[in-house]
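In numbering that gives the first Met the number 0, the protein residues as written are 0 to 128. Scroll down for the structure; my scribbles are underneath it.
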Amino acid sequence: MPLSEHEQRLFDQIERSLAEDPKFASAVRASDPRFHARRRLLVAAFVIVIGLALLVYGAVSQNTPLGVAGFVVMLGSAAFAMQSRRRIQTPDLKSVGGTASRRTRQSRKSGGFLERLEDRWRQRPEGHR
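Shown next as C-alpha cells:
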C-alpha cells in the first residue's frame, strides 16, 4: 500500500532526523549482527595471513613444528571465516507478523539432501525441463 503525500513527508523527515543523529547510528550499527560478522571476517583474514607467515617461516628455518602450527592456525582461521561469512548471508532476526523473533536451527527442514532436491524439483517452473 503506497503512502500518502503527508505520510511520505513525515517519513522523510523522520529518516533525515535519524540519519543526522550519530549516537543513534552508532547504536544501530553496534547491535547489527552483520556488522560483528564482518569484523570477525576481517580478523580471520588477518589471522590467516599470520598463519601463512608462520608456515613460510617454519619452512624456511626448517622448523617443522612451527610450520605445522602455522598451517593449523590458517585452517582454524579459515573455518572461523566461513562461519562468519554464513552469518553475514543469513541474518539472525526475521519478521513474523510484525514482530521480530530469533530464528532457530529447528526452523530448518529436517529432511536430508535428497528430500531438498526432490522439493526443488517439484517447485521448478513447468516450462523448464
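Positions of the beta carbon are idealized from the N, C-alpha and C atoms, including for glycine.
Exercise. For the candidate residues L40, A26, E125 and R121, whose alpha-carbon lies nearest to that of A80?
Worked result: Selected option, being the one with the closest Cα: L40.
For this session: Measure the beta-carbon distance from S3 to I47 and round it to whole angstroms, keeping in mind my assumption that it falls under 8 Å.
Result: At roughly 53 Å, the Cβ-Cβ gap does not stay under 8 Å, so S3 and I47 are not in contact.
Problem set entry | Option in G111, G110, V72 and F10 with minimal Cα separation from V42 | Answer by Cα proximity: V72.
Exercise. Straight-line CA distance for W120 to R86?
Worked result: Going by C-alpha positions, W120 is about 27 Å away from R86.
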